[in-house]
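Our numbering numbers the first residue of the sequence shown as 97 and each following residue consecutively.
What follows is a short report on a single structure.
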Amino acid sequence: MEDTAINRNMDAEYLKKRFNPEGSLLRRQQHRMTEMLLFIDRVCKKHGIPYWLSSGTLLGCVRHGGYIPWDDDLDIEMLRKDYMRLMEVLPKELPDNYALQTHDTDPNYIFAYAKLRDKRSYLEETNHYDRIFKYRGIYIDIFPFEKSPLLLHWISCRAHGFIYKVLNNRRNTDEVAIRKVNRIFRFNEKVTFPLLRALSALYPSKLVRYSFGVPYSDTRRMEDIFPLTTAKFEGYDMPVPRDCHAYLSRKFGNYMQLPNIDELHLHVYKMEIED
């Protein structure tokens, strides 16, 4: 057992040296995201809004005690009713160096979930969808979840997926793409998603999924999430699901096994950070 602990420590030291040593651009980004997370945590506690670390952020919390060494984003989740409340209170709490990015605050923003953006940095993502965005700093993804049947969620993603087709069509200039994207987004928000929510109420699901339009289909079980507990993330006590093992196994399978670190797919390919 002692040899295993030594090997784990050596792996951690190697990974940190290779991917995110102190002072590196990625590690500076991770520190900035931690500052943003602590801000969101204060706001959520102040207003009684439950949320939890999710996806790769939760995986890093459990497997590494913080970020996955190569991770260049941070994800949190909450139920949609809490998400809607956060969207109301967060703008009133924002300091000058942060921006809440939704379609309301950035008409060219295409996603059906929010981002908290840092205004003292700049990045470009590998998918290039952000080329039309107003805010392009370091971010935290804020994902809403709600109960919905798989078929209705699939329909919502297909409807929202027309936006990605527009942006991926090289024949569309950015100006043309922006006009088309806005029309699709408004139609989905005003017509498609409300209709799907009405239908969803008629066919209740025991599972929660990403809200309509968020292009991921994996599910969460309420009993795995609530009541929330805490775990150390970068030295801070952060909210996590009640059963992290069940959550992570459901999403990643054998989550303690490292991937092939020579074939990683990152989100960011260009970044600048102001001190």
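The beta carbon of each residue, even a glycine, is placed where N, CA and C say it ideally should be.
Query raised in the report: What's the call for Ser252, buried or exposed, on a 16-neighbour Cβ count within 10 Å?
Result: Buried, by the Cβ-count rule.
Query raised in the report: If you drop the 5 nearest sequence neighbours on each side, which residues of the same chain put their C-beta closer than 8 Å to that of Ile172?
Result: Once the five neighbours on either side are set aside, the close Cβ partners of Ile172 are Leu133, Ile136, Tyr147, Trp148, Leu149, Ser150, Thr153, Ile236, Asp237, Ile238 and Phe239.
Query raised in the report: Starting from Leu263 and walking both ways along the alpha helix (DSSP H), at which residues does that stretch end?
Result: Counting along the chain, the alpha helix (DSSP H) containing Leu263 begins and ends at Leu246 to Asn264.
Query raised in the report: Does DSSP put Ser296 in a helix, a strand or coil?
Result: Of the three classes helix, strand and coil, the one that applies to Ser296 here is helix, per DSSP.
Query raised in the report: Is it the case that the Cβ atoms of Asp320 and Asp333 are separated by a distance below 8 Å?
Result: Judged by their CB atoms, Asp320 and Asp333 are not nearer to each other than the 8 Å cut-off.
Query - Proximity below 8 Å, CB of His160 to CB of Ala208 - result: Between His160 and Ala208, the CB-CB gap reaches or exceeds 8 Å.
Query raised in the report: For Phe115, which residues of its own chain have a beta-carbon under 6 Å away from its beta-carbon, when the five flanking residues on both sides are left out?
Result: For Phe115, where only same-chain residues beyond five positions count, the Cβ hits under 6 Å are Pro165 and Trp166.
**Report entry** Given 8 Å, three or more beta-carbon pairs between the stretch 108 to 128 and the stretch 283 to 290
**Finding:** The stretch 108 to 128, when compared against the stretch 283 to 290, does not touch it at the 8 Å Cβ threshold.
Query - Distance between Asn223 and Val272 (C-alpha atoms, nearest Å) - result: Spanning the two alpha carbons is a distance of roughly 19 Å.
Query raised in the report: On the three-state DSSP scale, how would you describe Leu362?
Result: For Leu362, the three-state secondary structure derived from DSSP is coil.
Query - Close-in-space but distant-in-sequence residues of the same chain around Leu354 (CB under 6 Å, 5 per side omitted) - result: Cβ within range, chain order: n/a, list empty.
Query raised in the report: Going straight from the alpha carbon of Leu121 to that of Ile357, what length do you get?
Result: Straight across, the Cα-Cα distance linking Leu121 with Ile357 is about 19 Å.
Query raised in the report: Who are Trp148's beta bridge partners in DSSP?
Result: BP columns for Trp148 point to Glu173.
Report task. Give every residue of the same chain whose Cβ lies closer than 8 Å to the Cβ of Asn103, excluding the five residues on either side of it in the sequence, and list them in chain order. Result -> Low confidence applies to Asn103: its pLDDT is 47, below 50, so where it sits in the model is not reliable, and the reading given next is rough at best. Excluding sequence neighbours, Asn103 sits near nothing in its chain.
Query raised in the report: Name the DSSP beta bridge partners of Val304, please?
Result: Answer by DSSP bridge pairing, in chain order: Lys243 and Arg316.
Query raised in the report: Looking at C-beta atoms only, is the number of pairs between the stretch 305 to 325 and the stretch 240 to 247 that lie closer than 8 Å three or more?
Result: The stretch 305 to 325 makes contact with the stretch 240 to 247: 3 or more CB pairs, one atom from each, lie closer than 8 Å.
Report task. Would you tell me roughly how many angstroms separate the C-alpha atoms of Asp226 and Tyr365, rounded to the nearest one? Result -> One C-alpha to the other measures close to 12 Å.
Query raised in the report: Taking the alpha carbon of Ser53 as the point to measure from, which residue in Glu242, Tyr218 and Met367 has its own alpha carbon closest?
Result: Since the first residue of the chain shown is 97 and the last is 371, residue 53 is not available in this structure.
Query raised in the report: By Cβ distance below 8 Å, which residues in the same chain neighbour Thr326 in space, the five residues on each side in sequence not counted?
Result: Around Thr326: Asp333, Met334, Pro335 and Val336.
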